[in-house]
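In our numbering, each residue carries its 1-based index in the sequence shown increased by 57.
No residue lacks a Cβ here, since even glycine has one placed at the ideal position from N, Cα and C.
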Amino acid sequence: MKHLSKQLAGGIALFVLFSSGCVSLERSSPERHYFVIELPRSANSPEPASDLILSVGNMRISPRYADRSLVYRTSDTSFESDFYNQFLTSPDTMISEELRKGLAAARQFKYVLGPADAQQPNYVLEGSVNALYGDFRNPSQPAAVLELEFFLYDDNSKSSGLVAQKRYLKSVPLKERSPEALVKGWDQALQEIVGALAADLNSMNLNSKNSIPPVSPGKDMNDAAESR
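Written out as structure tokens, the structure reads:
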């Protein structure tokens with residue numbers, strides 16, 4: 058009888074312990090983290106160098122990298138997506154917004170607009186995100202890879218057509234293999250690409266139509282550094 062009483066008391070104590078919330082059988086899942094690609098804030102810029110208006114369209118993106126999850130390249134043939142580390146918004150939207158900000162800060166154009174703006178542009182810049190991944194094929198040499206391709210069109214009704222086409226590929230070495238380091242590497246890669254694009258646009262002397270070098274449709278003027 059005493060033994061039965063002890064078992065009953067033990068059972069009641071165990072019930073009270075669970076019902077009081079002191080013990081949880083739920084397994085906590087890993088927490089998701091969200092990141093953005095962004096350019097550094099620019100200092101006060103001078104007056105625009107021209108009265109030209111540039112419209113920058115929304116970037117297209119390869120289906121391989123269209124998802125918000127960060128993508129890692131682990132071998133020449135294999136890629137992995139990271140469910141727990143993601144972009145805050147779609148990567149093509151983020152890069153499009155930062156591209157407009159970067160070109161506006163360069164002050165080569167009076168206005169840098171989005172495609173929804175009703176104002177008539179002089180030139181239209183279209184582009185695509187061809188690569189956006191962490192290159193982890195070599196564990197000792199991780200890198201952030203970003204490849205953007207651009208097409209510049211003259212939007213003048215009398216001389217509309219392709220003015221230039223160029224592809225930029227940047228591979229930025231990382232100090233460590235982590236999502237935070239990878240996103241910072243993409244920030245740097247985008248900054249370098251926007252700087253190179255602005256320099257190329259400036260060299261075209263768009264104010265003087267006769268000085269624009271002709272570009273054959275589909276020609277790829279690639280000065281990109283190869284990724285490791």
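Problem - Cβ contact (3+ pairs, closer than 8 Å) linking the segment 84-99 and the segment 144-158 - result: yes
Problem - Residues of its chain near Ala-201, where Cβ-Cβ distance is below 7 Å and the 5 sequence neighbours each way are ignored - result: Gly-191, Val-229, Leu-231, Leu-239, Gly-242, Trp-243, Ala-246
Handout entry: Alpha carbon of Lys-266 to alpha carbon of Asn-115, nearest angstrom
Key = Note on Lys-266: pLDDT 48, under 50, position unreliable in the model; no value is reported.
Exercise for the section: From the DSSP output, in three-state form, read off Gly-242 for me. Expected result: helix
Problem - Residue of Phe-166, Ala-175, Asp-124 minimising C-alpha distance to Asn-262 - result: Phe-166
Exercise for the section: Give me the Cα-Cα distance between Asn-259 and Leu-189, rounded to the nearest whole angstrom. Expected result: 26 Å
Handout entry: Assigned secondary structure, Lys-227 (DSSP; H/G/I helix, E/B strand, else coil)
Key = strand
Exercise for the section: Could you check which residue in Ala-175, Val-128, Gly-218, Val-186 has the C-alpha nearest to that of Arg-224? Expected result: Val-186
Exercise for the section: For Tyr-129, I'd like the list of residues in its chain whose CB is within less than 6 Å of its CB, leaving aside the five on either flank, ordered along the chain. Expected result: Glu-137, Gly-191, Phe-193
Exercise for the section: Assign Asp-133 to one of two classes, buried (16 or more other C-beta atoms within 10 Å of its C-beta) or exposed (fewer than that). Expected result: exposed
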